[in-house]
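Numbering-wise, the sequence shown is residues 0 to 415 according to numbering that gives the first Met the number 0.
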Amino acid sequence: MKIKSLDIENFRGLMTTIEHNTATPLSYAMFLTIICLIAFGCFTASYMRLPIVPLYAKSLGIDIAHIGIINSFFFMTAGILSLPIGILSDQLGRKRLAVLGLILLSGTSFLLCISETHISLCAVYFIYGVGMALFGPTMMSLVADFSPLTHLGRSYGWYTTALYSGMSLGPALGGFVAENFGFTRVFLLSGSFLLVNICITLIFLPSPGRIHASGSKTQIFLIIKQDIIGNRPLLGCWAATLGGAFGLGTFMTFVPLHARNQGLKLDQIGIIFFIQGLVNALSRIPLGYLSDKVDGRQKLVVLGLTGFSASVAGFGMSVSLNHFIICAVAMGLSMALAFTSVGALLAETVPPGSRGLAMGGYNAMIYIGMMICSALMGYIIQKTGFNNGFLIAAVIIVALIALFYYLMGAKVPDCY
Numbered sequence: 000m001k002i003k004s005l006d007i008e009n010f011r012g013l014m015t016t017i018e019h020n021t022a023t024p025l026s027y028a029m030f031l032t033i034i035c036l037i038a039f040g041c042f043t044a045s046y047m048r049l050p051i052v053p054l055y056a057k058s059l060g061i062d063i064a065h066i067g068i069i070n071s072f073f074f075m076t077a078g079i080l081s082l083p084i085g086i087l088s089d090q091l092g093r094k095r096l097a098v099l100g101l102i103l104l105s106g107t108s109f110l111l112c113i114s115e116t117h118i119s120l121c122a123v124y125f126i127y128g129v130g131m132a133l134f135g136p137t138m139m140s141l142v143a144d145f146s147p148l149t150h151l152g153r154s155y156g157w158y159t160t161a162l163y164s165g166m167s168l169g170p171a172l173g174g175f176v177a178e179n180f181g182f183t184r185v186f187l188l189s190g191s192f193l194l195v196n197i198c199i200t201l202i203f204l205p206s207p208g209r210i211h212a213s214g215s216k217t218q219i220f221l222i223i224k225q226d227i228i229g230n231r232p233l234l235g236c237w238a239a240t241l242g243g244a245f246g247l248g249t250f251m252t253f254v255p256l257h258a259r260n261q262g263l264k265l266d267q268i269g270i271i272f273f274i275q276g277l278v279n280a281l282s283r284i285p286l287g288y289l290s291d292k293v294d295g296r297q298k299l300v301v302l303g304l305t306g307f308s309a310s311v312a313g314f315g316m317s318v319s320l321n322h323f324i325i326c327a328v329a330m331g332l333s334m335a336l337a338f339t340s341v342g343a344l345l346a347e348t349v350p351p352g353s354r355g356l357a358m359g360g361y362n363a364m365i366y367i368g369m370m371i372c373s374a375l376m377g378y379i380i381q382k383t384g385f386n387n388g389f390l391i392a393a394v395i396i397v398a399l400i401a402l403f404y405y406l407m408g409a410k411v412p413d414c415y
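Pasting the structure below:
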């Protein structure tokens, strides 16, 4: 396949110019350190308020149903916008959109201090979703832009370790601050941390520039047609991501309810989540290095998602804390194996000028998968029980594994 709207030689020349015009040449290791610190700072600060906002809303007299609607605004907005914003980053440049995302995220933290109604909190969480859609895909694309092809696996191993470490530390820090100093201090601290992160990003993060020479509607349409419809391996990676997100949504939403039904205490349920997050984060670096050494990353994706599916089914059969912990360890390992390899595969299945599109679709699949899971599995579990419900979730993941395997059998277009 050929990209008719772009002359390939001109494209290569443009990329060479971009590389030479990068403002601050950095070594691979230095760049990776900077981007990991920025991601860690962003997700720590953003996730500080994630478990606090529902409690804050409840203190304002907002009922549980409306609190659920508030959270859905975030997932819906981030899911819908991640793909188009990822495409936009290919046109306008990664750094400026990442900075804009951080500005919105910081602003929403300060707006929470003066939001006291259901409508105002929904509006804030709508902006929160826009901010995450701006930050997430562009930063993932930057990792691929600056990483050698031989180091993609380890790059995403380090990056996602930083990301998940922030997602784990943020809620704990937010809970501590809220318990000792109140809700408002959490929001102020979150916004302040993000302001610092903006400064770090502006000063230290280099920009690879725009990847496409022109952003005309005709060219964007042809590129989307080429890279989505004509690139089955890309669709396969998105299918694998959707499967992983569906399983993760099952874990996050329904394991606490199932564990509570089995007589586990709240602190024991917290231990299950802590162990899963810890194993997930610590496994990503060594498994990222493994991904670079294995011939065919798709094998690791299949292996990881198969283990992930088995752990989901295992949760449904768990009746004691030890059973839940075993499944949590298995889920953490398998998730780390699958997702580090998927990130690297995404970068390999598209040209540099479409990495924003690829990573935007990746982030969209995560949010959409968790939304579908919440809507579908609640009904299924209510009708069939936790054991059968978790087994059905595992079967859905297996079906998406099969779709991934089938689509990855297609050849990546030669011009990539």
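All C-beta atoms in this analysis are idealised placements derived from N, C-alpha and C, irrespective of residue type, glycine included.
The model shown is predicted, which means the values in this text are computed figures rather than measured ones.
- The residues 245, 248 and 249, in chain order, have a CB closer than 6 Å to that of residue 372 in the same chain once the five nearest residues on each side in sequence are set aside.
- DSSP places residue 342 in the helix class (H, G or I) of the three-state scheme.
- Closest in alpha carbon position to residue 79, among 161, 402, 365 and 385, is 365.
- Distance between residue 27 and residue 62, taken at the CA atoms: about 49 Å.
- The three-state secondary structure of residue 61, taken from DSSP, is coil.
- Nearest Cα to residue 251 within the set 157, 56 and 369: 369.
- Counting only runs of 3+ residues, no beta strand (DSSP E) is found wholly inside the segment 238 to 297.
- Residue 32 carries a helical assignment under DSSP once its states are collapsed to helix, strand and coil.
- Contact between the segment 261 to 281 and the segment 153 to 165 is established, with three or more Cβ pairs separated by less than 8 Å.
- By the C-beta criterion, the segment 333 to 349 is judged to be in contact with the segment 295 to 303, since at least 3 inter-stretch pairs fall below 8 Å.
- DSSP, read as helix, strand or coil, puts residue 331 in helix.
- DSSP places residue 230 in no alpha helix (DSSP H); its state is neither H nor E.
- Secondary structure at residue 48: coil, using DSSP grouped into helix, strand and coil.
- Sequence-distant partners of residue 167 (beyond 5 residues in either direction) whose C-beta falls short of 6 Å from its own C-beta, in its chain, are 276.
- Counting every other CB atom within 10 Å of its CB across the protein chains shown gives residue 233 a total of 16 or more, marking it as buried.
- For residue 181, no alpha helix (DSSP H) encloses it, and the DSSP letter there is neither H nor E.
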